[in-house]
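Take a look at the structure set out below.
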Ligand SMILES: [Zn+2]
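Numbering (the working numbering), first residue to last: 52 to 636.
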């Protein structure tokens, strides 16, 4: 395993890369005044509301609210983990990534491993495709023909064939110990306890699985024999994560954009058949429920996703799990719908009977999120009774609460109201009510930066993050570190960081706090729009610090007075108390 990337390296790297270059290489930016703009890559829009600030090293979309640093952008846009995003940045900047590690597992070694793994997959892919072209593949070709697939579609999806037998691939590719090791690590061979190897995929039609960047990462195999596992996937490897990749996304990405929607189906054969009949915007999950990560990835290409599942119980359960994972992702104009296949059909059989037109006609009638959600829940209650309608509303509440504020959420609340007579919109996006609620929470909850209605200290933090030069204003910051006021410690830490590194920019400050519980709150403070002049910002920032200083004195006075009540103050303490009281007047 790779070791940790040292913190100081990350700090330094983020200070050195320019977010404008990072984003521009992926989403072309236009200069507009001091900032850069583009149409937002995270939601669908015609006029640009996505802005990148070179000064803050931060991006912000006024349309969907997406925001973050260069690292955050890469994580979001390319769906990378934090260390992956750091590596991608370092790659782009041409700097090797050091690893904190004791036993020689260097970044170089890791790269080598990944490369040999990728090569093992590429060679296996070539081998499987050759096998499909051979005369001995008659059975495989016959199977594909029976399923109505033509040679072009088979070629488009690079289908292959793993012949029957335990060591075809092993003999062909596993010619050296290194190669066998790479084949094992990539999931193509299985190593026995006695050190022998055998082919994982035998007597199967092979479906290469690509990640969203078109990199071959795994295989799926459909058995031609009577193997109990009809479908078999590669295991998870450093290249392949079942919950992250989607079968067919890379091939279908442009068709998805063009169609304006994507369909999620259950199997790769469904994806291939649909494509054969002209429905080229389908993707499949890889033997798991649809994850939030997959949905986020797919929403990058379209705002509308249709879950297409079997109409049986298992299919409905899978759709419900998909729904639960999708709710938090439904921001802006995103929506999901549900299409259930008639009994005994799957998308593969249906499209062969009804063609693309028939399939698309069904697609247009797919159930809306509201119909599916509320329809399912109302089946569990007796809708003729008022108390049961209240129960329905209560069952719907946790689901609707997961949807980000916006039109879709309001629509669902309306629909629920019409159905049950229950208004649970207290939790919806009502600006005024919401602000009140937050105000109350803020009083009760000692985490200022996390609150919507900003406390003074959160505002000061926001000013400081957006304009790090403010850190030079206060003379003393030490007192903040043990001031029992929510947020004071964090304010101290940010001030200290900027004082230690006076040239640090906003994005680098933020990334310094990556992985801490304050990260999210700090990040939304950077995106916060306050519309104050520089002068007003300086004045308010200073006022907050003065105020905190006053609080410190009051607390100190109170402590001394408390002590005086129960015991005697030392002469030093007495002097200090007098001093504090004088200043206080
Ligand atoms: Zn946006």
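Even for Gly, the Cβ is constructed at its ideal location relative to N, Cα and C.
Every value quoted in this text rests on a predicted model; they were computed, and no experiment measured them.
Length of the line joining the Cα atoms of residue i and residue j
{"i": "residue 59", "j": "residue 596", "result": "29 Å"}
{"i": "residue 248", "j": "residue 292", "result": "24 Å"}
{"i": "residue 467", "j": "residue 386", "result": "17 Å"}
{"i": "residue 70", "j": "residue 339", "result": "35 Å"}
{"i": "residue 474", "j": "residue 505", "result": "28 Å"}
{"i": "residue 531", "j": "residue 542", "result": "7 Å"}
{"i": "residue 116", "j": "residue 94", "result": "10 Å"}
{"i": "residue 573", "j": "residue 586", "result": "22 Å"}
{"i": "residue 604", "j": "residue 629", "result": "11 Å"}
{"i": "residue 84", "j": "residue 132", "result": "33 Å"}
{"i": "residue 274", "j": "residue 358", "result": "25 Å"}
{"i": "residue 515", "j": "residue 462", "result": "39 Å"}
{"i": "residue 182", "j": "residue 391", "result": "36 Å"}
{"i": "residue 621", "j": "residue 558", "result": "48 Å"}
{"i": "residue 413", "j": "residue 141", "result": "47 Å"}
{"i": "residue 78", "j": "residue 89", "result": "7 Å"}
{"i": "residue 220", "j": "residue 199", "result": "28 Å"}
{"i": "residue 284", "j": "residue 337", "result": "8 Å"}
{"i": "residue 443", "j": "residue 567", "result": "38 Å"}
Three-state secondary structure (DSSP) of residue i
{"i": "residue 197", "result": "helix"}
{"i": "residue 245", "result": "coil"}
{"i": "residue 190", "result": "helix"}
{"i": "residue 526", "result": "coil"}
{"i": "residue 539", "result": "helix"}
{"i": "residue 93", "result": "coil"}
{"i": "residue 432", "result": "coil"}
{"i": "residue 121", "result": "helix"}
{"i": "residue 545", "result": "helix"}
{"i": "residue 577", "result": "helix"}
Best match in the options for proximity to residue i [C-alpha to C-alpha]
{"i": "residue 374", "options": "206, 91, 424", "result": "424"}
{"i": "residue 129", "options": "465, 141, 205, 262", "result": "262"}
{"i": "residue 80", "options": "66, 105, 346, 274", "result": "105"}
{"i": "residue 295", "options": "189, 334, 311", "result": "334"}
{"i": "residue 99", "options": "578, 144, 109, 113", "result": "113"}
{"i": "residue 631", "options": "324, 607, 618, 619", "result": "607"}
{"i": "residue 556", "options": "242, 67, 56", "result": "67"}
{"i": "residue 166", "options": "348, 232, 207, 534", "result": "232"}
{"i": "residue 456", "options": "619, 382, 186, 367", "result": "382"}
{"i": "residue 320", "options": "271, 626, 187, 442", "result": "271"}
{"i": "residue 57", "options": "138, 582, 73, 90", "result": "138"}
{"i": "residue 74", "options": "102, 350, 96, 325", "result": "102"}
Neighbour flag for residue i against chain D, beta carbons, 9 Å
{"i": "residue 329", "result": "Of the protein chains in this structure there is only one, and it is not chain D."}
Element boundaries [beta strand (DSSP E), containing residue i]
{"i": "residue 386", "result": "386-392"}
{"i": "residue 284", "result": "282-284"}
{"i": "residue 638", "result": "Nothing in the structure corresponds to residue 638, since the chain is present only between 52 and 636."}
{"i": "residue 47", "result": "The chain is shown only over 52 to 636; residue 47 falls outside these bounds and no answer can be derived."}
{"i": "residue 273", "result": "267-274"}
{"i": "residue 361", "result": "355-361"}
{"i": "residue 88", "result": "86-89"}
{"i": "residue 582", "result": "Careful: residue 582 lies outside any beta strand (DSSP E) and carries neither H nor E."}
{"i": "residue 111", "result": "109-112"}
{"i": "residue 211", "result": "211-213"}
Neighbourhood of residue i by C-beta distance below 6 Å, restricted to the same chain and skipping five residues each side
{"i": "residue 126", "result": "136"}
{"i": "residue 478", "result": "Low local confidence applies: a pLDDT of 48 at residue 478 is under 50, so the model's placement there is unreliable, with the coordinate-based value given in what follows. Closer than 6 Å at the Cβ level, and outside the excluded window around residue 478, lie 452."}
{"i": "residue 448", "result": "475"}
{"i": "residue 180", "result": "211"}
{"i": "residue 307", "result": "313, 332, 352, 353"}
{"i": "residue 122", "result": "136, 562"}
{"i": "residue 347", "result": "380"}
{"i": "residue 269", "result": "260, 285, 291"}
Bounding residues of the alpha helix (DSSP H) (the contiguous stretch that carries residue i)
{"i": "residue 364", "result": "364-377"}
{"i": "residue 447", "result": "437-453"}
{"i": "residue 73", "result": "70-75"}
{"i": "residue 469", "result": "458-471"}
{"i": "residue 308", "result": "300-310"}
{"i": "residue 315", "result": "Run containing residue 315: none in the alpha helix (DSSP H); it sits in the beta strand (DSSP E), 313-316."}
{"i": "residue 9", "result": "What the structure shows of the chain is the stretch from 52 to 636, and residue 9 is not part of that stretch, so it cannot be assessed."}
{"i": "residue 402", "result": "398-415"}
Cβ-based neighbour list, residue i, same chain, cut-off 7 Å, excluding 5 preceding and 5 following
{"i": "residue 146", "result": "64"}
{"i": "residue 407", "result": "328, 329, 330"}
{"i": "residue 488", "result": "For residue 488, the predicted model reports a pLDDT of 36, less than 50, meaning its position is unreliable and no value from the coordinates is stated."}
{"i": "residue 578", "result": "111, 118"}
{"i": "residue 223", "result": "178"}
{"i": "residue 194", "result": "256, 275"}
{"i": "residue 26", "result": "Residue 26 lies beyond the residue range present for the chain, which begins at 52 and ends at 636; the question has no answer from this structure."}
Residues near residue i by beta carbon distance below 8 Å, same chain, minus five either side
{"i": "residue 344", "result": "130, 294, 295"}
{"i": "residue 511", "result": "542, 591, 592, 595, 596"}
{"i": "residue 154", "result": "Because residue 154 sits at a pLDDT of 49, beneath the cut-off of 50, its placement in the model cannot be relied upon, and the following sentence gives the value as read from the coordinates. No residues qualify anywhere along the chain."}
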